[in-house]
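> One structure coming up, written as structure tokens, with questions to follow.
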Amino acid sequence: MAFGFNPKHEQEILLKDCTREEFLILAVETAKRLEWDIHYISNTGFIAYTNNRTFSWNREVTIKVMENSALLRSASTGSEMADWGKNKRVIEDFITIFERSKAELPKQELHNRYNAMQEHLSGMQEDLLQAPPPTAKEKIRNFFSIFKPVEGYFITPVIINVNVLIFLVMISTGINFLFPNGESLLRWGANFKPYTLEGEWWRMITSTFLHFGIIHLLMNMYALLNVAILLEPLLGAKKFATAYLLTALTASVTSLWWNDYGVSAGASGAVFGMYGVFLALLTTHLIEKTTRKALLTSIGVFIVYNLAFGLQLKIVDNSAHIGGLIGGILIGYAFVPALKSRENKRVEGISITIVTVVIVMAAIFACSKIPNDIVIYEKKMNLFSEREKTALAIYNLPDNAPRDTVLFRLKEQGIQKWRENIQLLDSVNRLKIPSNHKSQNDKLRAYCELRIKAYEWIYAAVWEDTDKYKDSIHFYNVQVEQKLNELNGNTKTD
1139 MAFGFNPKHE
1149 QEILLKDCTR
1159 EEFLILAVET
1169 AKRLEWDIHY
1179 ISNTGFIAYT
1189 NNRTFSWNRE
1199 VTIKVMENSA
1209 LLRSASTGSE
1219 MADWGKNKRV
1229 IEDFITIFER
1239 SKAELPKQEL
1249 HNRYNAMQEH
1259 LSGMQEDLLQ
1269 APPPTAKEKI
1279 RNFFSIFKPV
1289 EGYFITPVII
1299 NVNVLIFLVM
1309 ISTGINFLFP
1319 NGESLLRWGA
1329 NFKPYTLEGE
1339 WWRMITSTFL
1349 HFGIIHLLMN
1359 MYALLNVAIL
1369 LEPLLGAKKF
1379 ATAYLLTALT
1389 ASVTSLWWND
1399 YGVSAGASGA
1409 VFGMYGVFLA
1419 LLTTHLIEKT
1429 TRKALLTSIG
1439 VFIVYNLAFG
1449 LQLKIVDNSA
1459 HIGGLIGGIL
1469 IGYAFVPALK
1479 SRENKRVEGI
1489 SITIVTVVIV
1499 MAAIFACSKI
1509 PNDIVIYEKK
1519 MNLFSEREKT
1529 ALAIYNLPDN
1539 APRDTVLFRL
1549 KEQGIQKWRE
1559 NIQLLDSVNR
1569 LKIPSNHKSQ
1579 NDKLRAYCEL
1589 RIKAYEWIYA
1599 AVWEDTDKYK
1609 DSIHFYNVQV
1619 EQKLNELNGN
1629 TKTD
């Protein structure tokens, strides 16, 4: 399988018992039998293009006849990066038909055809086949063609350019281009459950255009390009753009459902989504049968390998990959009717509308059912602080406060609030929160229990109007102070 920008396959064969002229005529006859379109012909060979069906990239075939041999070259056209062995098969098919033509056409017939074709051949002084190889500058220009939108390859370069541009702007503001931290990406719109589910819904899309460093960006853009150059011409710009954004959405929703506190960013969820679309279409008759097997194998290997690789690394958001993949498969099947009726723009519009509405509504419903425990935790802890302030207000009463007022404050606004806080902490520990939060909650619970003990002794002292409980009150106040130091990280020993 040839791989690279415009992959190709070259093979040199000996002329054997053919003259250069005879070989040229036989090669032209072979091209005609293969239904190739001969674009250019000269005394030294010709340039032709294969005439393939939908989803099969055309090949530029160059036949260059030399003194004792001929150079056969098949190169992918457009922006194809992987040819799945097709260029090699083009050359193999040419050789097979060439030998058949050679056996069927007598030499006199070959000479007659060559003489008849002479007036149509290009002169040697303008022979394109004798052109020098491309310069380094021309090769660079060819590389940068992947960033240029053209017909059949329009949305992909736009997506790549946007991702690259955002990354360049990010690093221009001082963000580390190799290993940006989660906090930096959060400022730029990364996906984070506590923020996203609290109203910042736009993070589900913006996060897919952010990356954790240059390597992360290059890997995702490379994977996108590898599938998009095959898929975008089949889907068309509108359906391709719709599929990309919707799979990005399904990936982000799945990430929110699975990850409680992780910061998620990157195009990989949407990229997996496009592979999912591709996978779905490969199971239909939209793609020629001879192409399916090689593509299914390649796509399957990519998906399985990357999912398995993601399981080995905790930093990889495999949930987004799976969500994007599943979303892509569903979207791929949903687009089949529109792909079967390519000329009917109404069918395309209806398909895009229905798919968009269904995915967006499903995303809204799913997000409404995803518990945002860390935000719930923060709200409950704010309530804890408010109750604590109310309970501690007993110490702000004046010395001459009425006895009934003091007793009421101690019982209803003191002891009661500490008990309510214990119940609150018990409910908080049932949430999905980090283990260090639960450890802190256990300390807070012990703190509340100590406060209740101290308040009960104070209540008894006020009720009986006695100071005989001062030692007990002092003991629990010391315990409270020690627990506060422990909560604040200031452990003290006597």
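So for the sequence shown, the numbering used here puts the first residue at 1139; every next one is plus one.
Quick reminder that beta carbons are idealized off the backbone N, C-alpha and C, glycines included.
Nothing here was measured: the structure is a model prediction, and the numbers come from that model.
With a threshold of 7 Å on Cβ separation, who are the neighbours of S1489 within its own chain once the five nearest residues in sequence on each side are excluded?
Counting from 1 along the sequence shown, the entry for residue 1489 is found at position 351. Correct list, in chain order: A1472, F1473, P1475, A1476.
> What is the C-beta distance between H1147 and N1225, in whole angstroms, given that I count them as a contact (C-beta under 8 Å)?
The residue given as residue 1147 occupies position 9 in the sequence shown. The residue given as residue 1225 occupies position 87 in the sequence shown. Confirmed, Cβ separation roughly 4 Å.
> Is DSSP giving D1175 helix, strand or coil here?
Walking along the sequence shown from the start, residue 1175 turns up at place 37. Looking at D1175 - three-state DSSP - the assignment turns out to be strand.
> In three-state terms, what does DSSP make of E1148?
Walking along the sequence shown from the start, residue 1148 turns up at place 10. Strand.
> What first and last residue would you give for the alpha helix (DSSP H) that runs through T1234?
Translated into the one-based positions of the sequence shown, residue 1234 becomes position 96. Per DSSP, T1234 belongs to the alpha helix (DSSP H) from 1224–1242.
> Is DSSP giving S1489 helix, strand or coil here?
As a working mapping, residue 1489 is identified with position 351 in the sequence shown. Of the three classes helix, strand and coil, the one that applies to S1489 here is helix, per DSSP.
> Following the continuous beta strand (DSSP E) through S1207, name the residue where it begins and the one where it ends.
Here residue 1207 corresponds to residue number 69 of the sequence shown, with the count starting at 1. First-last of the beta strand (DSSP E) with S1207: 1207–1214.
> Can you give me the C-alpha to C-alpha distance between R1197 and V1495, rounded to a whole angstrom?
Taking the first residue of the sequence shown as position 1, residue 1197 is located at position 59. Taking the first residue of the sequence shown as position 1, residue 1495 is located at position 357. Computed Cα separation, rounded: 39 Å.
> Can you check whether the CB of S1393 is closer than 8 Å to the CB of N1329?
Indexing the sequence shown from 1 puts residue 1329 at position 191. Indexing the sequence shown from 1 puts residue 1393 at position 255. The answer is yes: Cβ separation under 8 Å.
> Please report how far the alpha carbon of A1599 lies from the alpha carbon of K1608, in whole angstroms.
As a position in the sequence shown, residue 1599 is number 461, starting the count at 1. As a position in the sequence shown, residue 1608 is number 470, starting the count at 1. Their backbone Cα atoms lie some 8 Å apart in a straight line.
> Can you give me the Cβ contacts of K1576 inside the same chain, cut-off strictly under 7 Å, excluding the 5 residues immediately before and after it?
Against the sequence shown, residue 1576 aligns to sequence position 438. So the qualifying residues of the chain are N1567.
> So A1539 packs on R1589, CB below 8 Å; how close in whole Å?
Against the sequence shown, residue 1539 aligns to sequence position 401. Against the sequence shown, residue 1589 aligns to sequence position 451. In fact, because the Cβ distance is near 20 Å, the residues do not count as touching under 8 Å.
> Under the assumption that T1346 contacts A1408 (Cβ atoms under 8 Å), give the Cβ distance between them as a whole number of angstroms.
By one-based count along the sequence shown, residue 1346 stands at place 208. By one-based count along the sequence shown, residue 1408 stands at place 270. About 5 Å; that satisfies the 8 Å criterion.
> If you count every other CB in all the chains shown that lies within 10 Å of the CB of L1521, and 16 or more means buried, which is it?
Taking the sequence shown and counting its residues from 1, the one referred to as residue 1521 is at position 383. Burial call: exposed.
> Distance check for E1486 and L1373, CA to CA, integer angstroms please.
Taking the first residue of the sequence shown as 1, we reach residue 1373 at position 235. Taking the first residue of the sequence shown as 1, we reach residue 1486 at position 348. Taking the straight line from one Cα to the other gives about 10 Å.
> Quick check on this structure: which residue in G1414, R1547, E1481 has the alpha carbon closest to the alpha carbon of A1458?
If you number the sequence shown from 1, residue 1458 lands on position 320. Taking only the C-alpha atoms, the option nearest A1458 is G1414.
> Got a sec, what are the start and stop residues for the alpha helix (DSSP H) Y1614 sits in?
The count along the sequence shown starts at 1 and reaches residue 1614 at position 476. That run of the alpha helix (DSSP H) goes 1608–1625.
> Determine, using beta carbons only, whether R1430 and L1420 come nearer to each other than 8 Å.
One-based indexing of the sequence shown puts residue 1430 at position 292. One-based indexing of the sequence shown puts residue 1420 at position 282. A contact, by the Cβ cut-off of 8 Å.
> Within 10 Å of its beta-carbon, does I1388 have 16 or more other beta-carbons around it, so buried, or fewer, so exposed?
For the purposes of this step, residue 1388 is identified with residue 250 of the sequence shown, where counting begins at 1. Sequence inspection shows Thr at residue 1388; the Ile mentioned does not correspond to that position. Buried: at least 16 other Cβ atoms inside 10 Å.
> Buried or exposed: which applies to P1371, given that a residue is buried once 16 or more other Cβ atoms fall within 10 Å of its Cβ?
As a first step, residue 1371 is located in the sequence shown; it is residue number 233 there, counting from the start. Label assigned to P1371: buried.
> By alpha-carbon positions, which one of R1325, L1434, G1465 ends up nearest to A1403?
Taking the first residue of the sequence shown as position 1, residue 1403 is located at position 265. Among R1325, L1434, G1465, the Cα nearest to that of A1403 belongs to R1325.
> Looking at the secondary structure, which residues open and close the alpha helix (DSSP H) in which R1583 lies?
Within the sequence shown, residue 1583 is the residue found at index 445, counting from 1. Run containing R1583: 1573–1602, per the alpha helix (DSSP H) assignment.
> If we ignore side chains and look at the alpha-carbon of each, how far apart do S1260 and I1353 end up?
As a position in the sequence shown, residue 1260 is number 122, starting the count at 1. As a position in the sequence shown, residue 1353 is number 215, starting the count at 1. Low per-residue confidence applies at S1260: pLDDT is 47, beneath 50, and the placement is therefore not dependable, though the value from the model is reported in the following sentence. If I take the Cα positions, the gap works out to 49 Å.
> I'd like the list of long-range same chain contacts for M1262, defined as Cβ closer than 7 Å, with 5 residues on each side in sequence excluded.
The residue you call residue 1262 lines up with position 124 of the sequence shown. For M1262, the predicted model reports a pLDDT of 46, less than 50, meaning its position is unreliable and no value from the coordinates is stated.
> Going by alpha carbons, who is nearest to M1412 out of S1565, A1208, G1462, L1248?
In the sequence shown, counting from the first residue as 1, residue 1412 sits at position 274. For M1412, the nearest C-alpha among the options comes from G1462.
> Suppose you measure from the CA of F1378 to the CA of I1460; what does that come to, to the nearest Å?
As a working note, residue 1378 is residue 240 in the sequence shown. As a working note, residue 1460 is residue 322 in the sequence shown. Each residue's alpha carbon lies about 19 Å from the other.
> As an exercise, report each continuous alpha helix (DSSP H) stretch of at least 4 residues that is fully enclosed by the stretch 1299–1373, in chain order.
Counting only runs of 4 or more, we get 1320–1326, 1331–1334, 1341–1344, 1352–1373.
> So what's R1158 in DSSP terms, helix, strand or just coil?
Position 20 of the sequence shown, counting from 1, holds the residue named residue 1158. Three-state DSSP puts R1158 in a helix.
> If you draw a straight line from the alpha carbon of F1613 to that of C1586, how long is it in whole angstroms?
Numbered from 1 along the sequence shown, position 475 holds the residue referred to as residue 1613. Numbered from 1 along the sequence shown, position 448 holds the residue referred to as residue 1586. Approximately 15 Å between the Cα atoms of the pair.
> Mapping the DSSP letters down to three states, classify A1677 as helix, strand or coil.
Only positions 1139 to 1632 of the chain appear in the structure, and residue 1677 is not among them; the question remains open.
> For Y1682, write down the residues that DSSP places opposite it in a beta bridge.
With the chain covering only 1139 through 1632, there is no way to say anything about residue 1682.
> Between L1362 and L1348, what straight-line distance do the alpha-carbon atoms span, to the nearest angstrom?
Your numbering for residue 1362 matches position 224 in the sequence shown. Your numbering for residue 1348 matches position 210 in the sequence shown. Going from the Cα of L1362 to the Cα of L1348 covers about 15 Å.
> In three-state DSSP terms, what is S1390?
Position 252 of the sequence shown, counted from the start, is the residue given in the question as residue 1390. Correct three-state label for S1390: helix.
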